[in-house]
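Heads up: the sequence shown runs through residues -26 to -1, 1 to 506, numbered per mature numbering (1 follows the signal peptide of the UniProt record, and there is no 0).
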Amino acid sequence: MMNISKIGIFKRMFFMLILVVMNSCSSTKTSNEKVATNEELYRPNFHFSPKSGWMNDPNGMFFYKGLYHLCFQYYPDATVWGPMHWGHATSKDMITWKEEKIALYPDEMGYIFSGSSVVDVNNTSGFGSLKNPPIVAMFTYHDAVKAKAGATDFQSQAIAYSLDEGMTWTKYKNNPVIKNPNIKDFRDPKMTWDAIHNQWIMVLAADVETKIYRSSNLIDWELASGFGKNLGAHGAPWECPDFFPIKVEGSTEMKWVLLQSINPGGPNGGSATQYFVGDFDGKTFTLNDSFTQDLNQFGALWVDYGKDNYAGVTWSNIPDSDSRKLFIGWMSNWQYADKVPTEKWRSAMTIPRELKLTNTEGHYRIVSQPVKELEKYISKTIKKDLLAIDKTTVIVDKSTVDMSRLDIRFTINGLKEDKYDFILSNKENNAIHFGINKKEKYFYIDRKNVSQTIFSDEFAKKISTAPITTDFNSIEVRVVIDKTSIEVFYDNGKTVMTEIYFSDKPMDSFSIAKANSDFELKNVLINQLNSK
Ligand code: FRU
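Here you go:
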């Protein structure tokens, strides 16, 4: 470890020198726009990305005193995965982020793998006081030396706490708090305060199941049950679970949702996050019957069917007065994350999303939408109440808006066409297609025709699809575009697809292809998003 960190220091110094030289050469940044177009071709405008280095999973997310905290799997010394740290960023609105000092560094017990943080309001852990409640983080120690030597017990769970609102952290002296029971993949603890049963709970990915633990003090944990061995998508280790109660929209019914990432094994290859809906009695999670039927029909249901939303989890300690379930995911895929053509940094997070649970004729579905805070960034809106499509029609182009930062919404009534094909493109023949194949009952994103795809065979091998799992006659679609990413919220967010793309030249037009007969797009809203 010593050697690694020494090399790290040299690398970092060299890197900083380069940054200083580069900065002194560039002109003064007057606007966000200039940063976006001139400096770093692929850096998103309003999605979180680290200034430099490698990032994967979101970790340790909590809200406290007006600030959203986002930690993340981080390797500061290179743009590929390495000895994991927890990077740290804070935000007042989950859109504009300030990168803070690294929260947790690897040490002699191992790398700091994924985990979660909670605000211990009643000081159950005793690390702080009622007046100054501790923030408690739990993470996985990954002992790389042991792993290399062929052991199976190299992952264990440990805690750390902060007494200054999450800015600095102290590792607990008696770590680990959960030793490895001889399970190779044993990681990614996600803690939640279970107000219904008056206990802390924690879910952990353990090989091919989710283990549920409970505790009264965040230090001593009791294994309560296991879930999912033969349910949903399998075939690779489960990773990064999240488990929480959520009210069913428009009712007083309460259900529990388990998010469970898997890699590989996603619906379009590589990494993805599935979900389960059921009931929890304080110890055991039991699937809802209708959800079991849905699983039988579809194999698994996914938070996002696109290739680039992984390891997503929710923020803790959202005040009751707000009570939203706020989610963020890693906007990449282990198939190619370390090959994407960015230079100083690798990976961004998805747009933060509010998750809701709906029940339509007995079928539970997670519904996602970008957080409402994004609306504050709308600087210009073009509204078309009715857009008649009688030929391939440009909905909007760069003469009216900046195509690299958009939030587009529209409705299609009476879906009679076999296919609705939307195209984000430019004159250099770069094009992203997405839409609805009504005839074959799927949604899709196709990024095959964007210039930068050759860095990985897996990146654009085939189009990504999502089955249409619910009926609709009219559909609302929302699309968030941020220079190198597209997030499509179909059917009010019941089916989501997120994908990244790398085009040498900016996109300059958003259009829809004409199908068999004429049709109309209703309530088209094209919002341009700028910094506040
Ligand atoms: C998921 C994951 C986690 C692990 C972390 C390591 O992307 O593999 O299971 O904790 O990344 O960086």
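Virtual Cβ for every residue (Gly too), placed ideally from N, Cα, C.
Cβ-heavy atom distance, residue i to ligand 1, below 8 angstroms
i      : result
Gln131 : no
Met323 : no
Gln47  : yes
Phe37  : no
Phe87  : yes
Thr114 : yes
Met58  : yes
Ala179 : yes
Asn91  : In the sequence as presented, Asn is not what sits at residue 91; that position holds Ser. Ser91 Cβ: outside cutoff for every heavy atom of ligand 1.
Asn237 : yes
Asn30  : yes
Trp304 : yes
Arg320 : no
Tyr284 : yes
Asn55  : One detail in the question is off: residue 55 reads as Trp in this sequence, not Asn. Because some heavy atom of ligand 1 lies under 8 angstroms away, the Cβ of Trp55 counts as near it: yes.
Glu213 : yes
Ser189 : no
Trp308 : yes
Ser245 : yes
Distance, residue j Cα to residue i Cα
i           : j      : result
residue 507 : Pro18  : Residue 507 falls outside the range modelled here, since the chain spans only -26 to 506, and no answer is possible.
Phe433      : Pro241 : 14 angstroms
Thr33       : Ile419 : Looking at the sequence itself, residue 33 is Asn, so the reference to Thr does not match. Taking the straight line joining both Cα atoms gives about 28 angstroms.
Pro238      : Phe20  : 28 angstroms
Asn154      : Ala118 : 14 angstroms
Asp94       : Asp168 : 12 angstroms
residue 513 : Lys354 : In the structure as shown, the chain starts at -26 and stops at 506, and residue 513 therefore has no counterpart that could be examined.
Val9        : Ala63  : With a pLDDT of 38 at Val9, under the threshold of 50, the predicted position of this residue should be treated as unreliable, and no value is reported.
Leu78       : Ala179 : 21 angstroms
Pro315      : Phe429 : 7 angstroms
Asn404      : Ile460 : 14 angstroms
Ser297      : Gly124 : 45 angstroms
Arg379      : His407 : 17 angstroms
Pro80       : Pro57  : 7 angstroms
Glu183      : Ala489 : 45 angstroms
Thr166      : Phe218 : 7 angstroms
Lys357      : Val453 : 15 angstroms
Leu232      : Pro215 : 7 angstroms
Asp431      : Val462 : 23 angstroms
Asp392      : Arg383 : 21 angstroms
Ser130      : His116 : 7 angstroms
Ser91       : Asp312 : 27 angstroms
Lys120      : Ile86  : 15 angstroms
Inter-residue CB distance, residue i and residue j (contact presumed, cutoff 8 angstroms)
i           : j      : result
Asp278      : Thr472 : 5 angstroms
Ile474      : Ser306 : 7 angstroms
Lys422      : Leu389 : Actually they do not touch by this definition, with Cβ atoms about 25 angstroms apart.
Lys145      : Ala134 : 5 angstroms
Glu328      : Lys350 : 15 angstroms between Cβ atoms; not a contact.
Thr53       : Trp71  : Not really, about 19 angstroms apart at Cβ, beyond 8 angstroms.
residue 518 : Lys25  : No answer is possible for residue 518: it lies beyond the span of the chain, which begins at -26 and ends at 506.
Asn497      : Asp359 : 6 angstroms
Cβ-based burial, residue i [other Cβ within 10 Å; buried from 16]
i           : result
Asp31       : buried
Ser399      : buried
Leu192      : buried
Ile(-23)    : Its pLDDT being 41, under 50, Ile(-23) is placed unreliably by the model, and nothing is read from it.
residue 528 : There is no way to answer for residue 528, as the model of the chain reaches only from -26 to 506.
Gln267      : exposed
Leu261      : buried
His171      : exposed
Ser103      : exposed
Pro344      : buried
Val190      : Rather than Val, the amino acid found at residue 190 in this sequence is Ser. Under this definition Ser190 is an exposed residue.
Asn501      : buried
Same chain only: Cβ atoms within 8 angstroms of residue i, ignoring 5 sequence neighbours per side
i      : result
Lys435 : Gly243
Tyr38  : Val93, Ile109, Glu139, Gly140 and Asn291
Asn447 : Asn387, Gly388 and Leu389
Asp194 : Val151
Lys506 : Thr70, Lys350 and Tyr351
Own chain partners of residue i with C-beta closer than 6 angstroms, once the 5 adjacent residues on each side are dropped
i      : result
Gly140 : His43 and Ile109
Arg188 : Gln173, Ile175, Glu196 and Ala198
Thr332 : Glu223, Arg339 and Val341
Asp159 : Asp181 and Pro211
Ser65  : Tyr42 and Trp71
Phe484 : Ile369, Val370 and Leu398
Cys45  : Asn33, Gly34, Trp60, His62 and Ala77
Lys385 : The question names Lys, but residue 385 in the sequence shown is Thr. Cβ neighbours of Thr385 beyond the five flanking positions: Glu450, Lys496 and Asn497.
Cβ shell of residue i (< 7 angstroms), same chain only, five flanking positions each side left out
i      : result
Ala362 : Asp492 and Glu494
Pro441 : Phe272, Lys415 and Tyr416
Ser136 : Pro108, Ile109, Thr142 and Trp143
Ligand 3 heavy atom lying under 8 angstroms from the CB of residue i
i      : result
Arg161 : Among the ligands present in this structure, namely ligand 1, ligand 3 is not found.
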